[in-house]
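Using the numbering used here, read the sequence shown as starting at 2 and increasing by one per residue. What follows is a short report on a single structure.
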Amino acid sequence: MEIISKINIILSISVFNDLISVPCANRNILGCNEVKSKSDKAVSPIVAVVLIIIVAVSTSLIMHNWITGTSSTVGDVSKVGSERLVIKAAYLDPGTGEIVVYLQNIGTKPINVNTVYLKDPSGNIVYTWSISATVDPGHKGTVRLGPPSGITSNTRYWIAVAGSASTAPFEISLSSFTSCPPLGWDYYRVINVTNPTSFDVNNIPVRIRLNSSNFDFTHANIDGSDLRFYLAGCSTQLYYWIEYWDRSDNLGIVWVNVPELPSHSTVQIYMVYHNPSAGFDPVYYNASAIFLFIDTMETWTGWESRGSGVVTQVDNPVFTGSYSLEKNTNCDPNGGNKSIGVTLNSESFALDAYVYRGSDLSCAVDRIGVTSRSGNGYGVGLWHGSSRIVIDKRTNYNREEHYIGIGIDPQYRWYRLTMYWFTGGTIIGNAQELNGNLIGSFTWSDTSYNNFESVYVLGGKTYYVDNIKIYRIIPDPVNPEPLIQVGPEQT
Ligand SMILES: [Ca+2]
Numbered sequence: 002m003e004i005i006s007k008i009n010i011i012l013s014i015s016v017f018n019d020l021i022s023v024p025c026a027n028r029n030i031l032g033c034n035e036v037k038s039k040s041d042k043a044v045s046p047i048v049a050v051v052l053i054i055i056v057a058v059s060t061s062l063i064m065h066n067w068i069t070g071t072s073s074t075v076g077d078v079s080k081v082g083s084e085r086l087v088i089k090a091a092y093l094d095p096g097t098g099e100i101v102v103y104l105q106n107i108g109t110k111p112i113n114v115n116t117v118y119l120k121d122p123s124g125n126i127v128y129t130w131s132i133s134a135t136v137d138p139g140h141k142g143t144v145r146l147g148p149p150s151g152i153t154s155n156t157r158y159w160i161a162v163a164g165s166a167s168t169a170p171f172e173i174s175l176s177s178f179t180s181c182p183p184l185g186w187d188y189y190r191v192i193n194v195t196n197p198t199s200f201d202v203n204n205i206p207v208r209i210r211l212n213s214s215n216f217d218f219t220h221a222n223i224d225g226s227d228l229r230f231y232l233a234g235c236s237t238q239l240y241y242w243i244e245y246w247d248r249s250d251n252l253g254i255v256w257v258n259v260p261e262l263p264s265h266s267t268v269q270i271y272m273v274y275h276n277p278s279a280g281f282d283p284v285y286y287n288a289s290a291i292f293l294f295i296d297t298m299e300t301w302t303g304w305e306s307r308g309s310g311v312v313t314q315v316d317n318p319v320f321t322g323s324y325s326l327e328k329n330t331n332c333d334p335n336g337g338n339k340s341i342g343v344t345l346n347s348e349s350f351a352l353d354a355y356v357y358r359g360s361d362l363s364c365a366v367d368r369i370g371v372t373s374r375s376g377n378g379y380g381v382g383l384w385h386g387s388s389r390i391v392i393d394k395r396t397n398y399n400r401e402e403h404y405i406g407i408g409i410d411p412q413y414r415w416y417r418l419t420m421y422w423f424t425g426g427t428i429i430g431n432a433q434e435l436n437g438n439l440i441g442s443f444t445w446s447d448t449s450y451n452n453f454e455s456v457y458v459l460g461g462k463t464y465y466v467d468n469i470k471i472y473r474i475i476p477d478p479v480n481p482e483p484l485i486q487v488g489p490e491q492t
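Next up, the structure:
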């Protein structure tokens, strides 16, 4: 109830501001403040127009509902003696989700109104607002009503105002009703996704890293299955996939597909959570809808030996799930490869995976990459022992390697290995710890190949790979991935 009271105060203030800010230059504009002052034998300016105290009459969830839509037909006049009140217009404010009702007293006596009803086409009351307002004779007023709950989109409703006089029902079309966060979900955070480059990008995956500084893991299901992602306003749900979720370590890695991210812009997405009865979304929890290619190694399919190499599905160690890929038996350029399923043809992309190297350093470089069917392409590697980030150029699978030294050797732990390939030939090799720290980065350039159909795991032995992904990036080597800022928790 505290929450409701607080919101009511805010709404009342917004009503006040709205009322006093509407000019009366054009007297045909409804809702303008044309009230007389008290010295003119009217009531105070605030009261004379409409003084509204909105009292919530439903659960606190109603305050989280958003509505978009339009109105409506012309209102009718109700006659109660000399009290005559009419609804001149009603519409939905898409910015606030409120229903805005313009009233006019066309009678000769002040009219007190205390209730606004939302009725269905059969006349049944589906929602009630309690208000306290007075409209003087000849004057107009604006009532802003908090978003109702329990209504259906694309349905005709009727608004009616009652008090010392009542209006006739006034039709209002709630053409597109959306609740944000959806009913049943309690929290959300606004995530700013920024594209600082001059490139427009569509359907770009964004990687959201959650930790104790930007997320309370106790507010979501133990596996994160109640997370949902939407564009602002919650009318458009977004595809998402949880790559990693560890409540005890306060670490989550979540990917979300952003449909449009124009140049030099920030798109806000809503992360909605805390619904203990929710599981993973059956439609939108979908990694295949986010990545150009993904293999979590949970279903072993499509891998072929390259040369005399061996790649197999194993259950230890794994990064996530139950299985990973083990590369063993022979060193580079032996290993395995798998068809991507699509041809990467001149469009910038990232190849990304988690890699684990244990005690066997007999061939010490972990190497993943992409090639054409004939084995021409590029890859990224991490050289254990010597601690180097490597970029491989492959011609018929044979490597030409380029590298820089780094100060860290991520042995005995899963680390992230990424190659960014840019239209124009720039290649960046990146290695990153699970905690987000950069292990090393190396940039090289070559324009020999730009057509890739196969992903490979080559290099040394024995090491493990999980969650190989290929995804679109911003074609800017300075900012290949959007910038992410997770906002505070809201209810
Ligand atoms: Ca796996």
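We put the beta carbon where it would ideally sit given N, CA and C, even for glycine.
Problem set entry | Per DSSP, cross-strand counterpart(s) of tryptophan 445 | As a first step, residue 445 is located in the sequence shown; it is residue number 444 there, counting from the start. Beta-bridge partners assigned by DSSP to tryptophan 445: Ile428.
For this session: Have a look at alanine 163 and threonine 237 and give me their C-alpha separation to the nearest angstrom.
Result: Start at 1 with the first residue of the sequence shown, and residue 163 comes out as number 162. Start at 1 with the first residue of the sequence shown, and residue 237 comes out as number 236. Their Cα atoms are separated by approximately 36 Å.
Exercise. Under the rule that 16 or more other beta-carbon atoms within 10 Å means buried, what is serine 388, buried or exposed?
Worked result: As a position in the sequence shown, residue 388 is number 387, starting the count at 1. Residue burial annotation: serine 388 is buried, with at least 16 other C-beta atoms found within 10 angstroms of its C-beta.
Problem set entry | glutamate 490, enclosing beta strand (DSSP E) - first and last residue | Here residue 490 corresponds to residue number 489 of the sequence shown, with the count starting at 1. Segment 484-491, the beta strand (DSSP E) holding glutamate 490.
Exercise. Taking buried to mean at least 16 other C-beta atoms within 10 Å of its own C-beta, is glutamine 105 buried or exposed?
Worked result: Reading the sequence shown from its first residue, position 104 is the one you call residue 105. By the 16-neighbour rule on beta-carbons within 10 angstroms, glutamine 105 is buried.
For this session: Give the range of the beta strand (DSSP E) segment to which serine 340 is assigned.
Result: In the sequence shown, counting from the first residue as 1, residue 340 sits at position 339. According to the DSSP assignment, serine 340 belongs to the beta strand (DSSP E) that extends over 336-346.
Exercise. When every heavy atom of ligand 2 is checked, does at least one fall within less than 7 Å of the C-beta of aspartate 361?
Worked result: Among the ligands modelled here, namely ligand 1, ligand 2 does not occur.
For this session: Buried or exposed for threonine 321, please, with buried defined as at least 16 other CB atoms from any protein chain shown within 10 angstroms of its CB.
Result: On the sequence shown, position 320 is the one that residue 321 refers to. Buried, by the Cβ-count rule.
For this session: Can you grab the Cα-Cα spacing for the pair threonine 330 / isoleucine 409, in whole Å?
Result: Residue 330 sits at position 329 when you count from the first residue of the sequence shown. Residue 409 sits at position 408 when you count from the first residue of the sequence shown. Roughly 26 Å between the two C-alpha positions.
Problem set entry | Run of the beta strand (DSSP E) containing valine 498, from where it starts to where it stops | Past the edges of the chain, shown from 2 to 492, lies residue 498, and the structure says nothing about it.
For this session: Please list, in chain order, all residues of the same chain as aspartate 353 whose beta carbon is under 6 Å from its beta carbon, the five residues on each side excluded.
Result: Here residue 353 refers to the residue found at position 352 of the sequence shown. Here the set comprises Thr419, Lys470.
For this session: Using 7 Å as the cut-off, classify the Cβ of threonine 297 as near or not near the heavy atoms of ligand 1, replying yes or no.
Result: As a first step, residue 297 must be located in the sequence shown, where it is residue number 296. Threonine 297: yes, Cβ under 7 Å from ligand 1.
Exercise. For chain C, is any of its Cβ atoms less than 8 Å away from the one on lysine 141?
Worked result: The chain inventory of the structure shown lacks chain C, comprising one protein chain alone.
Exercise. For ligand 1, any of its heavy atoms closer than 7 Å to the Cβ of tyrosine 324?
Worked result: Looking up residue 324 in the sequence shown gives position 323. At least one heavy atom of ligand 1 is found less than 7 Å from the C-beta of tyrosine 324.
Exercise. When DSSP labels each residue in this structure, what does alanine 163 get in the three-state scheme?
Worked result: As a working note, residue 163 is residue 162 in the sequence shown. Residue state for alanine 163 is assigned as strand, using DSSP reduced to three classes.
Exercise. Considering only the beta carbon of each residue, do valine 315 and lysine 328 sit closer than 8 Å?
Worked result: Stepping through the sequence shown from its first residue, residue 315 is reached at position 314. Stepping through the sequence shown from its first residue, residue 328 is reached at position 327. No, Cβ-Cβ distance for valine 315 and lysine 328 is not below 8 Å.
Exercise. Which one or two residues does DSSP pair with lysine 394 in a beta bridge?
Worked result: Within the sequence shown, the letter at position 393 stands for residue 394. According to DSSP, lysine 394 bridges with Tyr379, Glu401.
Problem set entry | aspartate 467: CB within 7 Å of a non-hydrogen atom of ligand 1 | Position 466 of the sequence shown, counting from 1, holds the residue named residue 467. Taking non-hydrogen atoms of ligand 1 into account, the C-beta of aspartate 467 is found less than 7 Å away from one of them.
Exercise. If you pair each beta-carbon of the region 338-353 with each one of the region 367-379, do three or more pairs fall below 8 Å?
Worked result: Yes, the region 338-353 touches the region 367-379.
For this session: Assuming serine 264 and phenylalanine 200 form a contact by the criterion Cβ under 8 Å, report the distance between their Cβ atoms to the nearest whole angstrom.
Result: Residue mapping note: residue 264 aligns to position 263 of the sequence shown, counting from 1. Residue mapping note: residue 200 aligns to position 199 of the sequence shown, counting from 1. Between serine 264 and phenylalanine 200 a beta carbon distance of about 6 Å is seen, short of the 8 Å cut, so the two are scored as contacting.
For this session: Inspect the beta-carbon positions of proline 334 and arginine 307 and report whether they are closer than 8 Å.
Result: Within the sequence shown, the letter at position 333 stands for residue 334. Within the sequence shown, the letter at position 306 stands for residue 307. Yes.
For this session: Could you please give the first and the last residue of the uninterrupted beta strand (DSSP E) stretch that includes glutamine 269?
Result: Locating residue 269 in the sequence shown gives position 268, where the first residue counts as 1. Unbroken beta strand (DSSP E) run through glutamine 269: 266-274.
Exercise. Would you say phenylalanine 320 touches ligand 1, meaning its beta carbon is less than 7 Å from a heavy atom?
Worked result: Here residue 320 refers to the residue found at position 319 when the sequence shown is read from its first residue. Yes, the beta carbon of phenylalanine 320 sits closer than 7 Å to at least one heavy atom of ligand 1.
Problem set entry | Coil, strand or helix - phenylalanine 216 by DSSP | As a first step, residue 216 is located in the sequence shown; it is residue number 215 there, counting from the start. Reduced to three states, the DSSP call for phenylalanine 216 is coil.
Problem set entry | Contact set for serine 442: own chain, Cβ-Cβ below 6 Å, skip 5 residues either direction | The residue labelled residue 442 in the question sits at position 441 within the sequence shown. Non-local beta-carbon contacts of serine 442 in its own chain, meaning distances under 6 Å to residues more than five positions away in sequence, involve Asn431 in chain order.
For this session: Out of Pro197, Gly139, Leu93, Ala134, state which residue places its alpha-carbon closest to the alpha-carbon of proline 481.
Result: For the purposes of this step, residue 481 is taken as residue 480 along the sequence shown, with counting starting at 1. Distance from the Cα of proline 481 is smallest, within the candidate group Pro197, Gly139, Leu93, Ala134, for Pro197.
Problem set entry | Assigned secondary structure, isoleucine 475 (DSSP; H/G/I helix, E/B strand, else coil) | Stepping through the sequence shown from its first residue, residue 475 is reached at position 474. DSSP places isoleucine 475 in coil when its eight states are reduced to three.
For this session: With distances taken Cα to Cα, identify the nearest neighbour of glutamate 402 among Ile254, Ala90, Ser446.
Result: Position 401 of the sequence shown, counted from the start, is the residue given in the question as residue 402. Closest by alpha carbon: Ser446.
For this session: Count the other CB atoms, across all protein chains shown, that sit within 10 Å of the CB of tyrosine 464; report buried if there are 16 or more and exposed otherwise.
Result: Indexing the sequence shown from 1 puts residue 464 at position 463. Its Cβ being crowded by 16 or more others within 10 Å, tyrosine 464 is buried.
For this session: Assuming isoleucine 341 and glutamate 454 form a contact by the criterion Cβ under 8 Å, report the distance between their Cβ atoms to the nearest whole angstrom.
Result: What you label residue 341 is simply residue 340 of the sequence shown in a count that begins at 1. What you label residue 454 is simply residue 453 of the sequence shown in a count that begins at 1. Right, their Cβ atoms sit about 6 Å apart.
Problem set entry | For proline 283, the first and last residue of its enclosing beta strand (DSSP E) | Counting from one through the sequence shown, the residue named residue 283 turns up at place 282. It is not in any beta strand (DSSP E) - proline 283 carries neither H nor E in the DSSP assignment.
Exercise. Of the residues Gly337, Tyr413, Ala91, Pro206, which one's Cα is nearest the Cα of proline 260?
Worked result: The residue given as residue 260 occupies position 259 in the sequence shown. Nearest to proline 260 by C-alpha distance, out of Gly337, Tyr413, Ala91, Pro206, is Pro206.
Problem set entry | Residue nearest to glutamine 433 in terms of C-alpha spacing, selected from Arg414, Glu244, Phe423, Ile100 | In the sequence shown, residue 433 corresponds to position 432, counting from 1. Looking at the Cα atoms, Arg414 is the closest of the given residues.
For this session: Measuring alpha carbon to alpha carbon, tell me which of Ile390, Asp217, Gly437, Asp467 ends up nearest tyrosine 404.
Result: The residue you call residue 404 lines up with position 403 of the sequence shown. For tyrosine 404, the closest of Ile390, Asp217, Gly437, Asp467 by C-alpha to C-alpha distance is Ile390.
Problem set entry | Three-state secondary structure assigned by DSSP to alanine 290 | Taking the sequence shown and counting its residues from 1, one reaches residue 290 at position 289. Residue state, collapsed to three classes: helix.
Problem set entry | Cut-off 6 Å between Cβ atoms - residues of its own chain near aspartate 247, not counting five sequence neighbours on either side | In the sequence shown, counting from the first residue as 1, residue 247 sits at position 246. So the list is empty, once near-sequence residues are dropped.
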